[in-house]
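Residue numbers (my numbering): 83 to 189. Even glycine gets a Cβ: it sits at the ideal position worked out from N, Cα and C. The model shown is predicted, which means the values in this text are computed figures rather than measured ones. Comments concern the structure below.
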Amino acid sequence: MTTKPRIKLPDSAKAGEVIEVKTLISHVMETGQRKDNAGKTIPRNIIHTFTAKYAGKDVFTAKLAPVTSSNPLISFFMKVPGPGEFEFSWTGDENFSVVEKMPLKVG
83 MTTKPRIKLP
93 DSAKAGEVIE
103 VKTLISHVME
113 TGQRKDNAGK
123 TIPRNIIHTF
133 TAKYAGKDVF
143 TAKLAPVTSS
153 NPLISFFMKV
163 PGPGEFEFSW
173 TGDENFSVVE
183 KMPLKVG
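Structure below.
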């Protein structure tokens, strides 16, 4: 099941301004080290890569590890170069892939 991520951007920004971008996605982030009630290892299932692009260029990348908690919140700052659209992507185990696009109003 894929859940639509939450993304928080400012309502608008000016070229040259530094903004904070926040994302939150629902995911179990199972480490692969826990056991179920029958004693069998629960397979690893994590988001391992998050990438943010703006106007087609990478602006932020994070490599996540099994120690990352469920429903990872990722926040970063960036300087707005001008008008554009964000493309956020989360990639993980078990063919997990979510891509979300969101424009930024630049004035």
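query                                                                                                                                                              : result
Judging by CA-CA distance, which residue of PRO148, MET184, ASN153 is the nearest neighbour of ILE124?                                                             : PRO148
Would LEU186 pass as a contact of ALA95 if the rule is Cβ separation under 8 Å?                                                                                    : yes
What's the gap between the Cα of ARG88 and the Cα of ILE107?                                                                                                       : 6 Å
Starting from the N-terminal side, write out each stretch of the beta strand (DSSP E) that is 3 residues or longer and does not extend beyond the stretch 107-175. : 129-136, 139-145, 155-161, 166-174
Given PRO92, which residues of its chain have a CB within under 7 Å of its CB, disregarding the five upstream and five downstream residues?                        : ILE101
What residue does the beta strand (DSSP E) around GLU99 start on, and which one ends it?                                                                           : No beta strand (DSSP E) holds GLU99; DSSP gives it neither H nor E.
Please list the terminal residues of the continuous beta strand (DSSP E) segment that includes LYS183.                                                             : 178-186
For PRO163, count the other beta carbons within 10 Å of its own beta carbon; 16 or more makes it buried, fewer makes it exposed. Which is it?                      : exposed
What does the alpha-carbon distance come out to for the pair LYS161 and SER152?                                                                                    : 29 Å
Roughly how many angstroms lie between the CA atoms of MET184 and GLY121, to the nearest whole one?                                                                : 43 Å
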